[in-house]
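2 protein chains.
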Amino acid sequence: MTSKNIPDFINKVREFLKEEQIVTDKEGMSHFCYDATEMRFMPDVVLLPYSTEEVSKIMKLANTFDLPITPQGGRTGLSGGALPVQGGLVLSLLRMNKICEIDTKNMQIVVEPGVIAADLQEELKKHNLFFPPDPSSTVESTLGGNVAENAGYTRAVKYGVTRDYVLGLEAVLPDGEIIHAGGRTVKNVTGYDLVALLTGSEGTLAVVTKIICKVLPKPAIRKTCIMYLNDLGAAADLVVAIFSAGILPCAIEFMDNVSINCVADYLPAAESLLRREAAALVLVEVDGNHEGATEFEARRIMDLCTGLSGVIEANRAENDEQAEQLWRIRRDTLPALKAKGKDHLEADVVVPRYQLPFLVRFIQECATAKTVKVATFGHAGDGNLHVTIQYRKRNFAELDEAHELLGEIYRKTIEMGGKLTGEHGVGITAKDYMKIQMTPAEISLMKRIKHAFDPKGLLNPEKIFPDNDA
Amino acid sequence: MTSKNIPDFINKVREFLKEEQIVTDKEGMSHFCYDATEMRFMPDVVLLPYSTEEVSKIMKLANTFDLPITPQGGRTGLSGGALPVQGGLVLSLLRMNKICEIDTKNMQIVVEPGVIAADLQEELKKHNLFFPPDPSSTVESTLGGNVAENAGYTRAVKYGVTRDYVLGLEAVLPDGEIIHAGGRTVKNVTGYDLVALLTGSEGTLAVVTKIICKVLPKPAIRKTCIMYLNDLGAAADLVVAIFSAGILPCAIEFMDNVSINCVADYLPAAESLLRREAAALVLVEVDGNHEGATEFEARRIMDLCTGLSGVIEANRAENDEQAEQLWRIRRDTLPALKAKGKDHLEADVVVPRYQLPFLVRFIQECATAKTVKVATFGHAGDGNLHVTIQYRKRNFAELDEAHELLGEIYRKTIEMGGKLTGEHGVGITAKDYMKIQMTPAEISLMKRIKHAFDPKGLLNPEKIFPDNDA
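Protein chains in written order, with my numbering: chain F, 1 to 470; chain L, 1001 to 1470.
Laid out in structure tokens, this is it:
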């Protein structure tokens, strides 16, 4: 598919980009060929624009050369969305990294797509503001990437996901046309919601070049509780009990027994906090600005635990330092699993909140008959489960088993009213399973929408849609 | 445009619909030819399906007859979105009015599009739940209509708009194909966000036949405050001060001097609560489940008023009955304006929150040189302003003036970074102004999206897009 005419394309690019914006040597390009999956795809050329106008010129030119274009941010994606599967052009937005404006009067920010999420949070802190969607990759991931994938993470249960904060986007269509969607208002029903359509579209419809988001005052107080359960069903009941009490925590996190033990091995300092025998750990945090109200909620949650059979231990962090220790357990789960030295298949399934522990039980039952190991953890308040299937490196029998299990998990998820992916995106990793979730008519409709933006199919090709869907 | 072959179409329809589902007589159809605007358009036939399958069959048939289809709910729209401009078929969803499920474990509901918003709230109350988007038309408007228009209203500042609650939709494409978008999970990034695209698409892309929404526990406590200001700028400062204090009220409503006086004339019982000389009234409500926290917030708001020059009076409702009296003032604003016996042009503009009072000032300045009267009121927390331009019935000079002023308001709104419509939709009333807000490329992109759903352009024709946009 890739145009044979890369040298001509690069010559044309040299007319408007500086040499330091053009990467064509293998070593230089090797920094742009990977993400947080284990896949690698080499591009033919990497361009690093500084402005929307440069992005537009590049896209217009790539369009005349029929060159595949893969937009790229911090390469922390877990579904391969930023990988140049067909080679061609990688359009890295890393140098468009200005925080253009922090509008404290309207509580809005305007940023370029290459801004690193953690840098934004630091800047917002100075104004006592925060941007709620804060993925675990925050120190490396870019705002543009978070918009492309509609990033969520722990605070989503209370504060929502990236899409809930994006008010406006400037974006460049594959033919180089610059468009503006939404803007600086919190409400807007003028025409179709292109902001929501672009957010989470995994860079397949347009390249986002500017992002307008709302931000919130940073809550002053948080209270963190940890519970150990001897029964998965109790986790479902606990989550329902918390919501039914009218409490909306800013996090309800979940870890299964395998994850707990893995972290206990990985973080000896945390071992005293962990119950290795527990079927599940649930971490709950409430936040707010009123000490009495947050204290009331935290106590109420502890009371609910007392009344619930299946809870074997429930503790509260007494200060911020203790809260950080509890959070470290949750945050280090994926690193702890990866430290086991095995290869992984990962899923990011999502089911109705109450069903999550029953999906975990199903996965565990499937896994008992297999050699591969499975760990599950995730966002219990959202029903969003991260599944890590560990198989021994280069063991093809185990790899086959892992794929078989992955298929079983996806099918059960859909059967339970769930979806293939809650926050990581379809990208490459889940696209072959799209047909389990969607009818041919639904896939065909999405392809027609793709065509409305990108009639030549040049932008981020071979993502989201299954390869063979005739 | 309308097919000449209506009798043949109706004969085919009789093969699968009962006689009581088919309206063809003029008197019967006259109930379906209007909405809350002053416009009227007669359809050629009205059909009232009971099921998704019937909707699908009707759409498939209408498609083969090239018949325009206008989906319709409670006909409370303020932009003409449910009016059959080209005649043809009105597809009334009023009989698909089942609340299919209230899932208290997952805090989700499944409803048909014809469910009346107020009926849903009544049912949810029994479970101590509520559905936050609650437009003023709640006793007549349908959930389907609220989804089509992405309804907002007073609680949006804290709780968001309809789109923030819709998790899944079943919908029928113009060719009769039934699709499902989203589902029963609070997160979902599998493919493009068709739920967000359909919500607010004003019935131009597909006919929604089932709606899955999240709902919330009903807050137990509310505290309501009312402030009178002698300066519009003070209203902007008050709103910023409240947000900056970390308080997120569930309503921040605004009325200008004309609106205040109009309600004082209309509601003699409320006159003692009203300050006729005030430049603006601001109504603020906080809610929650913790008495101490809501009391703290209400007091803090009153303190902020004391410290703000421009506030001439600030009062708190001491109980629910007094709170209701204050809300009555706000709720009766539009009826009070309509009772003046004049005709109206209405706008639903939205600007960045802080800019709203300055837009009001601009509108007042424009109006001083004119004969027509203007009243403004709306949702100050969202920057969403409802503008009512009153002109004498059948006075064409005043009508021209009203249109001139409307154009000035729209242009200023866009200049201030605002949008044509915040919650009423573009429909017919704002479509000629779309070109002020959007570039030809942006309108063309939206038309290509429309084409992806509705290649023949049969569904709700002549809405949203300007007539001449070559």
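The C-beta atom is built at its ideal place from N, Cα and C for all residues, glycine as well.
Would you say residue 386/F faces chain L, with C-beta separation under 8 Å as the test? no
Is the Cβ of residue 423/F closer than 8 Å to any Cβ of chain L? yes
Taking three-plus beta-carbon pairs below 8 Å as touching, is the stretch 160 to 180 of chain F in contact with the stretch 195 to 210 of chain F? yes
Using CA coordinates, which residue listed in 244/F, 391/F, 429/F and 223/F is at the minimum distance from residue 341/F? 391/F
Runs of alpha helix (DSSP H) wholly within the stretch 316 to 376 of chain F (minimum 4 residues, chain order): 320 to 331, 333 to 338 and 356 to 368
Do you know whose CA, among 1400/L, 1399/L and 1420/L, lies nearest residue 1409/L's CA? 1420/L
Chain L contact for residue 243/F (CB, 8 Å cutoff): yes
Listed from N- to C-terminal order along the chain, which residues in the stretch 100 to 115 of chain F have their beta-carbon within a distance smaller than 9 Å of any beta-carbon of chain L? 103, 104, 105, 106, 107 and 108
By DSSP's criteria, residue 1306/L is part of a beta bridge. Which residues make up the other side? Its beta-bridge partners do not exist; DSSP assigns none.
Helix, strand or coil, according to DSSP, for residue 158/F in the structure here? helix
I'd like to know whether the C-beta of residue 1522/L is nearer than 8 Å to at least one C-beta of chain F. In the structure as shown, chain L begins at 1001 and stops at 1470. Residue 1522/L is therefore absent and cannot be evaluated.
What is the DSSP secondary structure of residue 1002/L, counted as helix, strand or coil? Its pLDDT being 49, under 50, residue 1002/L is placed unreliably in this model, and the value from its coordinates should be taken loosely. Three-state DSSP puts residue 1002/L in coil, outside helix and strand.
Strictly by DSSP, which residues pair up with residue 92/F? 72/F
Is there a Cβ from chain F that is less than 8 Å from the Cβ of residue 1289/L? yes
Residue nearest to residue 1346/L in terms of C-alpha spacing, selected from 1330/L, 1306/L and 1387/L: 1387/L
Where residue 121/F meets chain L, residues with beta-carbon distance less than 7 Å: Within 7 Å Cβ-Cβ: nothing; residue 121/F doesn't reach chain L, min ~17 Å.
Start-to-end residues for the alpha helix (DSSP H) that takes in residue 1410/L: 1396 to 1415
Neighbouring residues, chain L, relative to residue 217/F (Cβ below 9 Å): 1243, 1244, 1245, 1246, 1247 and 1248
Leaving out five residues before and five after residue 123/F in sequence, what residues of the same chain have Cβ atoms less than 8 Å from its Cβ? 99 and 102
Using 8 Å for Cβ pairs, my map puts residue 382/F next to residue 422/F. What's the rounded Cβ distance? 7 Å
Would residue 363/F pass as an interface residue toward chain L - the criterion being a Cβ-Cβ separation below 8 Å? no
May I ask you to report which of helix, strand or coil DSSP gives residue 1034/L? strand
Can you tell me the Cβ-Cβ gap for residue 1429/L and residue 1256/L, rounded? I've got them flagged as a contact below 8 Å. 21 Å between Cβ atoms; not a contact.
At the 8 Å Cβ level, is residue 1352/L part of the contact set with chain B, yes or no? Among the chains of the structure shown, chain B does not appear; the protein chains present are F and L.
Let me confirm a value: residue 1005/L is counted as buried when at least 16 other C-beta atoms fall within 10 Å, else exposed. Which label applies? exposed
In DSSP terms, what residue 1228/L is bridged to: 1281/L and 1313/L
Tell me whether residue 458/F is buried or exposed, calling it buried when 16 or more other Cβ atoms sit within 10 Å of its Cβ. buried
Is it true that the stretch 1078 to 1090 of chain L meets the stretch 1025 to 1040 of chain L, where meeting means three or more beta-carbon pairs spaced less than 8 Å apart? yes
Segment limits, alpha helix (DSSP H) that includes residue 1015/L: Here residue 1015/L belongs to no alpha helix (DSSP H), and DSSP marks it neither H nor E.
By how many angstroms is the C-alpha of residue 380/F removed from the C-alpha of residue 298/F? 17 Å
Are the stretch 1175 to 1194 of chain L and the stretch 1435 to 1448 of chain L touching, with three or more C-beta to C-beta distances below 8 Å? no
Go ahead and pull the three-state DSSP assignment for residue 1107/L. coil
In three-state DSSP terms, what is residue 59/F? helix
In terms of residues, what are the limits of the alpha helix (DSSP H) holding residue 391/F? First-last for residue 391/F: 384 to 391, but that is the beta strand (DSSP E), not the alpha helix (DSSP H).
What does residue 542/F pair with, by DSSP beta-bridge criteria? Since the displayed chain F opens at 1 and closes at 470, residue 542/F lies outside it and no answer follows.
CB contact flag (residue 323/F, residue 224/F, <8 Å): yes
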